[in-house]
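Accompanying notes for the structure given below.
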Amino acid sequence: MDPMRKGQRWILDAFIASGGIDVLHPEAGAVLEELGYNSSDLKRVFERVKATSMVVSAWNSVAAEVTKRADYWYGRGCRAAAHGLYERATLLYARAHYSIMADDPRRTRYLHKMLQCQARVMELTPHHIERVQLPFEGQQLHGVFECQRQAAKQPCVIFLPGMDMFKEDWHGVIRERVLPRGWCGFAFDGPGQGETLTRGLKMTLDNYERALSSVIDWLSRQPQVDPQRIVIMGSSMGSWWGARAAAVEPRIRAVAANMSNLGDKFVLLNQAQPSFMTGLMFMTGIDDVDALQEFSKTMTLTEVARKITAPFLVVAGENDELTTLESTIDFYQRVSGPKELLIYQHEFHPIGPQSNEWINASLDWLEQAMSAGYAPDYARQTFITKSGEYHEGSGEPLWWNP
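Numbering (the numbering used here), first residue to last: 13 to 414.
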């Protein structure tokens with residue numbers, strides 16, 4: 013077998029040509045729409061993709077069209093029409109930017125196109141949006157801070173994207189679901205992610221949690237933020253980084269870990285689609301397969317989980333293709349503080365069909381953690397069936413106990 017797994021690319025190409033976005037992650041389109049992607053944009057992108065080599069050009073072609081429409085209405089002073097189109101274009105260019113998994117000048121070009129569209133969004137949005145650059149260990153961290161114009165001493169949720177996500181993914185959620193709660197939102201590209209990675213900062217085993225502490229330092233100085241009510245919402249690999257940070261950073265009030273990836277990384281690197289190995293190589297700067305496999309063996313949370321005392325919510329799909337349910341449950345059982353586990357029956361990594369539910373429920377859970385709080389021995393598990401039955405007491409699938 014090709015140790016780089018490049019020899020498997022033709023299989024992925026064949027399935028993408030016939031199955032589109034669902035081949036990458038089953039029912040991922042549903043969660044992307046909840047994040048703010050336009051369903052017709054997604055459809056048009058994947059109609060163009062017949063092989064993985066066509067992904068960047070497909071995102072670009074749709075982005076260019078949407079940007080032209082945005083520019084037209086902006087020129088006519090139609091702010092609402094232009095605003096919505098620039099939001100769409102920002103996400104489309106951000107996807108093209110993400111899809112180039114290498115230190116390549118084309119990645120930087122797409123970053124600049126994304127930033128141009130985002131600048132228009134910031135100009136046309138009624139609430140405050142601020143691009144944040146923070147010095148960190150000789151390089152820079154990048155994030156986006158959003159709040160209402162008159163905000164003062166509000167709770168703040170920090171969004172940690174996954175391996176195949178980026179800070180721009182969370183703008184729609186912040187606008188529609190965070191600000192109306194009277195909260196602030198901070199979307200973060202940590203080491204090895206998004207703009208921070210494009211500008212040269214790779215991830216190590218432990219630099220993400222140090223970077224997150226720098227973000228909390230900055231947020232704590234902002235008059236809009238209550239430093240006693242800073243929480244984390246980490247999705248996919250963001251759940252892994254959030255867990256590591258919660259174990260060492262006492263200022264994190266609570267964590268919601270969605271589409272969680274809390275087990276070891278064997279499945280991610282050896283059984284999932286080959287792009288995850290390529291992605292982790294780019295994120296870490298490790299270009300040797302054997303060295304990457306050795307590095308991945310250190311990416312465990314077995315001892316980390318025991319150090320987590322802040323309230324911690326885990327949300328996962330029963331059939332997540334990037335990890336195992338057994339490892340998710342094992343992590344949950346090791347957490348020392350208040351904790352809750354939600355398992356969605358027959359759902360894959362994106363938990364797509366129920367994404368509206370888990371996004372809102374996670375924010376509600378964080379709100380409860382900040383207000384009423386949870387007792388130190390709080391522990392709750394629920395298995396949620398496709399038909400909407402909530403089986404309390406165990407997160408284990410019903411078929412585990414015939």
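Here a beta-carbon is modelled for each residue, glycine too, at the ideal position from N, C-alpha and C.
- Non-local C-beta neighbours of residue 51 in its own chain, meaning closer than 6 Å and more than five positions away in sequence, comprise 45, ordered along the chain.
- In the three-state scheme derived from DSSP, where H, G and I count as helix and E and B as strand, residue 328 is classed as strand.
- Under the three-state reduction of DSSP output, residue 364 falls in the helix class.
- Residue 49: not part of any beta strand (DSSP E); DSSP gives it neither H nor E.
- Residue 323 sits in coil when the DSSP states are folded into three classes, being neither helix nor strand.
- Each residue's CA atom was taken as its position, placing residue 248 and residue 275 some 11 Å apart.
- Taking the C-beta atoms as reference points, residue 265 is found nearer than 9 Å to residue 241.
- By a beta-carbon distance limit of 8 Å, residue 126 contacts residue 105. Their separation comes to about 4 Å.
- Judged by their CB atoms, residue 198 and residue 155 are nearer to each other than the 9 Å cut-off.
- When C-alpha distances from residue 129 are compared across 239, 77, 171, 62, the shortest belongs to 77.
- Nearest to residue 318 by alpha-carbon distance, out of 348, 306, 302, is 348.
- Within the DSSP bridge table, the entry for residue 40 names no partner.
- A buried status is given to residue 284, since no fewer than 16 other beta-carbon atoms sit within 10 Å of its beta-carbon.
- Taking 9 Å as the cut-off, the beta carbon of residue 409 is found closer than this to the beta carbon of residue 395.
- Boundaries of the beta strand (DSSP E) harbouring residue 245: 237-247, taken from the DSSP string.
- The alpha-carbon separation between residue 147 and residue 337 amounts to approximately 38 Å.
- Cβ-Cβ distances below 7 Å link residue 357 to 330, 395, 396, 397, 398, 409 in the same chain, with the five nearest sequence neighbours on each side left out; the list follows chain order.
- Per DSSP, residue 186 is not a residue of any beta strand (DSSP E), being assigned neither H nor E.
- Assigned with DSSP and collapsed to three states, residue 117 falls in helix.
- A straight line joining the alpha-carbon of residue 223 with that of residue 245 spans about 16 Å.
- Residue environment: residue 161 is assigned as exposed (fewer than 16 neighbouring CB atoms within 10 Å of its CB, all protein chains considered).
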